[in-house]
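Chains as they are written, first to last, in the numbering used here: chain A, 4 to 506; chain B, 439 to 820; chain C, 798 to 1114. Backbone N, C-alpha and C define an ideal beta-carbon position, used for all residues, glycine too. Heads up, the thing below is written out as structure tokens.
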């Protein structure tokens, strides 16, 4: 029914999709599996008209088509349920469904026919929702049903689901899988983007695996084990090795006990407990969207927590302000370097003292000591090989991503601290910059600091960590010494197929 | 690939040219806005009086010159409060806020200063100093209110400031009528001579210009240094540029909002006090909002949201207002100036888009050039 | 007491209409604090037209003149509102700044044009639009006295506009789309709605209503236009916010504010108030002070359109 041939899409230097072939048959549930950055969302965004491919062609029912925007996609009966719902919260369910294709009589909206059609749809696919309730009053699972009904109301035959189970409770997930299987039975084509192997096992007929923008293989889900799927998903990661001091952790620097953060629908983080000692790198592995962002925000103070405790260097920082946490010994390389890590419109030197400009010797009597700030900055960019067009006076916005990140790294390491929280520290960087940052993280560890590394890149986790934790659906579901586990097995934990007892 | 190569020591001429070129590039959006404003004004003048339009425009642009030192003095006199209001707006803008309440802050500060100037008996230079201080405090309070409301209750600072503009105006009319009313002129009484800001004798003819202009320039430079050199200025800029990053950095956003609005109001207050501590400038009893309050917006925008820029923009504004005043001789109502200013403000609001538009055109042209070069080289090598 | 009601209605009508104008713009996600300037411009041209029509050799019937003036004011307001629309929607300008520019432009333009053409800035007209008594309806006991005596054409127009806007926003396709665009433009876009078109039309509508409100304000409160609308445009914004962006509440809000404004100008005729000896300015201040207090209390829960003031980015996921 859908055939995508040779799709290539580049964003600058990044090849998101590399000559990918993908096809879905009528009446099939076809999963698109892969890690972060594998290219699944990009591929489907192309199908849905949000992007246009650089190369390649799309055929719907063997007819070559050109999809420039979501309206075109709708014309070809392609519908998509996005990860972040596109609903108007204050509208009723029915209004959300008919928005854009309202029936009118004498300019007044007439609901009769629409209501009938929607009711028929709801009955046919077992998707009951109260049509007159406001969307804001629905549970997340019900909201998702509204998104699904929206697709069906427009007579979509090709249905795309983007990580649909991320926000659902286990019961809702079961319901959704049933609904998806029914669609296939009715002859529709369903594409399921997911990284959760057991759900794919339960719902899909075939599965196409993407890795680093390339298509790896298409498998018959019934005939293949989750082990094999995981192996395809993570591949054989190139684990570079760096020189490290022997593993000899000493005192506990960070201790987190039963950290819980409640969300709208369910707990985003549940009873997370872990410890980091001096002289070790602890890596938290997992697929994006399993609570890592909220965890980092909770630890750094950007987000409040519901319950639990965080103890840093023996001090309870659970309710401390962000500034106090820095003073107690925390350093933080944030996930989103542009939004949190830097003030892009500042000079580089101003960014290098972002958290301690108020301390002596950088200021005295409220006046910044430019000389000391500048010499400190010069020292940092020299030591950490931060390349700029105009030295420390460069406007940070004009620096390359790699150098911006090196600057953040320099700042966070050189500041007085005992624990370094590094979240996706090498995102979007080239090989040289990655190596540079990795070496510095290891130096941190060798110096006796504690490093808590959160990363979506398995290679990075394996290369750097002494110990590895797995975060899945807001909980720690596995804890290992790096030497005790293989990437493939880790893949199974990351996709929820395996879990171990909490230690 | 060492980026920091050694240059040959540039000559003085090179450096000056570089600085001039850089300044010109930076000033481009302002110059464009002024150009558009003047063009629009010229067209309007043409519509109503085609033959007089061109001489009128010339008079507008040159009215401030050549008529003797009094005119120069008057330009400086009127520039002072406008520069200060502009600087105050810059302070707010840099923190990511819009102080649209300058009219209200100015009028309450003006009243505070006049009240002391008329009714209090303080000797010598202390009199006007105390009056200035009263104006600063009044402006600070009036400016802090929207800031506090925003920090505590998330009330939109633009709307609350607008409300306070009217409340302040009505309040002052009442107070003037109650305490310092001059029934024969329907305005406030003249302030005592000891409360007038010191002038320059006959240096500028019989212009009433006073040290207010020095105060204004001084404050602008002070604000410039606060932003450039102090931890406080650093924090304000950070929250204005990127609120999330300033949180990450551990800064206290709410406190900074209140302080920023307070300081902005205080500077407006200083401007208001300076405006009215002049013999012959009296508070009126109409209910109209003080237009000088809105001049601050134009000055801040034209001055590219920089305190030093506000000095030049404020002087320029005062200059063309003077020109507009003289232009009445040519038969054009002086409101043409306000029209021009309004168009300037409008143009600066879309200037970012205009600049992006030109940048986009340039990039398209470059891309066209590149691809045609590629085609000459002969095909891609994939 | 009848007088108070009749006078209050005079204050309420322009506030209501202009606030509804603000509603149209903001419901689609575009802030519009230029209502003051748009009122002024609509009033300027509208009143001018009225004066000319009144001075014609065979003048048309008064109410027709009034109606024409209103229509002209609306057109003028709609046209000028497009400058704000283009800046905000196409050029992603700061909506407060572009609106402020319009507010600065309006009085300057009105004074300049008036002075250039007729030598003075004031436009006098014959204040002959009051309807002393509506035939039949004016004879109904109580209600007749309150609403159908000493009233204006614009009162009935206002009722019509209120009903129209209310129905438009909540019962028609256009209204659904306007509200969707103001709440979640990404969602509307995904359903195939043209965000830009909806916003342009909404901002234009807000200009039309502001222009109409301006003409009505001047006609019903004085005998000349003097290049000002006395802050009514800003008061209308307060009415809009106090009315929590809903037509019904806006009506109530307009009545409250209109009432206080009436008290401000007519308190001397009410003995009780006269004896309090409060200054005139106190009454003038009251609507604004109340707004401030109300805003402080309700801003935590205020329910403005979710995407109000945000610049729309295509394809934001």
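{"Item": "If we count the other Cβ atoms within 10 Å of its Cβ and call it buried at 16 or more, is residue 69 of chain A buried or exposed?", "Value": "exposed"}
{"Item": "Any C-beta of chain A sitting closer than 8 Å to the C-beta of residue 441 of chain B?", "Value": "For residue 441 of chain B, the predicted model reports a pLDDT of 48, less than 50, meaning its position is unreliable; a value from the coordinates is still stated below. Yes, residue 441 of chain B counts as interfacial toward chain A."}
{"Item": "Nearest-angstrom Cα distance between residue 448 of chain A and residue 666 of chain B?", "Value": "37 Å"}
{"Item": "Excluding the 5 residues flanking residue 807 of chain B on each side, which residues of the same chain have their C-beta closer than 7 Å to its C-beta?", "Value": "none"}
{"Item": "Could you tell me which residues DSSP pairs with residue 263 of chain A in its beta bridges?", "Value": "A/310"}
{"Item": "Which residue wins for smallest C-alpha separation from residue 508 of chain B, given the options B/770, B/640, B/607 and B/621?", "Value": "B/640"}
{"Item": "Which same chain residues end up closer than 6 Å to residue 819 of chain B when comparing Cβ atoms and leaving out the 5 residues on each side of it in sequence?", "Value": "Caution is warranted here: a pLDDT of 42 is assigned to residue 819 of chain B, below 50, making its placement in the model unreliable, and the coordinate value is therefore given only provisionally. Hits under 6 Å: none found."}
{"Item": "In terms of DSSP beta bridges, what is residue 483 of chain B paired with?", "Value": "DSSP output for residue 483 of chain B lists no bridge partner at all."}
{"Item": "Flag residue 1005 of chain C as yes if its beta-carbon sits less than 8 Å from any beta-carbon of chain B, otherwise no.", "Value": "no"}
{"Item": "At a CB-CB cut-off below 7 Å, which residues of chain B make contact with residue 1 of chain A?", "Value": "There is no way to answer for residue 1 of chain A, as the model of chain A reaches only from 4 to 506."}
{"Item": "Based on the DSSP output, what are the partners of residue 889 of chain C in its beta bridges?", "Value": "None, per the DSSP bridge assignment."}
{"Item": "Here's the rule I'm using: 16 or more other beta-carbon atoms within 10 Å means buried, otherwise exposed. How should residue 663 of chain B be labelled?", "Value": "exposed"}
{"Item": "Applying the criterion that 16 or more other CB atoms from any shown protein chain within 10 Å of the CB defines a buried residue, is residue 364 of chain A buried or exposed?", "Value": "exposed"}
{"Item": "Counting only C-beta atoms, is residue 676 of chain B closer than 8 Å to chain A at any point?", "Value": "yes"}
{"Item": "Measure from the C-beta of residue 296 of chain A to each C-beta in chain C and report whether the shortest distance is under 8 Å.", "Value": "no"}
{"Item": "Using the Cα positions of residue 996 of chain C and residue 1019 of chain C, report the straight-line distance between them to the nearest angstrom.", "Value": "35 Å"}
{"Item": "In chain A, what lies closer than 9 Å to residue 648 of chain B by C-beta?", "Value": "Ordered by position in chain A, no residue passes the 9 Å Cβ test against residue 648 of chain B, which lies about 31 Å from the chain."}
{"Item": "Provide the residue span of the beta strand (DSSP E) that contains residue 161 of chain A, from first to last.", "Value": "161-165"}
{"Item": "Would DSSP call residue 168 of chain A helix, strand or coil?", "Value": "helix"}
{"Item": "Considering only residues of the same chain and omitting the five flanking positions on each side of residue 1084 of chain C, which have a CB-CB separation below 8 Å?", "Value": "1032, 1035, 1054, 1057, 1058 and 1061"}
{"Item": "Name the chain B residues whose beta carbon is nearer than 7 Å to that of residue 360 of chain A?", "Value": "669 and 672"}
{"Item": "Quick one, which of C/945, C/801 and C/807 has its alpha-carbon nearest residue 1016 of chain C's?", "Value": "C/807"}
{"Item": "Which residues, taken in chain order from the stretch 958-973 of chain C, show a beta carbon closer than 7 Å to some beta carbon of chain A?", "Value": "968, 969, 970 and 973"}
{"Item": "Is it the case that the stretch 525-545 of chain B contacts the stretch 694-714 of chain B, given that we only count it when at least three CB pairs across the two stretches are under 8 Å?", "Value": "yes"}
{"Item": "Quick one: using the 10 Å Cβ neighbour count with 16 as the cut-off for buried, is residue 586 of chain B buried or exposed?", "Value": "buried"}
{"Item": "Below 8 Å CB to CB, which residues in the same chain sit around residue 495 of chain A once its five sequence neighbours on both sides are set aside?", "Value": "200, 229, 230, 233 and 501"}
{"Item": "At which residues does the alpha helix (DSSP H) containing residue 571 of chain B begin and terminate?", "Value": "562-591"}
{"Item": "If you drop the 5 nearest sequence neighbours on each side, which residues of the same chain put their C-beta closer than 6 Å to that of residue 429 of chain A?", "Value": "437 and 440"}
{"Item": "Cβ closer than 9 Å: which chain A residues qualify as neighbours of residue 679 of chain B?", "Value": "346, 347, 348 and 349"}
{"Item": "On the three-state DSSP scale, how would you describe residue 350 of chain A?", "Value": "strand"}
{"Item": "Consider the Cβ of residue 342 of chain A: report whether some Cβ of chain B lies at a distance smaller than 8 Å.", "Value": "yes"}
{"Item": "Taking 8 Å as the CB-CB limit, is residue 691 of chain B close to chain A?", "Value": "no"}
{"Item": "Pairs of beta-carbons, one from the stretch 602-614 of chain B and one from the stretch 1072-1087 of chain C, closer than 8 Å: are there three or more?", "Value": "yes"}
{"Item": "Would you mind telling me which residues of chain A sit closer than 8 Å to residue 683 of chain B, beta carbon to beta carbon, in chain order?", "Value": "342, 343, 344, 345, 346 and 357"}
{"Item": "Using 10 angstroms around the beta-carbon of residue 245 of chain A, count the other beta-carbons present and answer buried if the total reaches 16, otherwise exposed.", "Value": "exposed"}
{"Item": "When the Cα atoms are used, what is the spatial distance from residue 493 of chain A to residue 473 of chain A?", "Value": "8 Å"}
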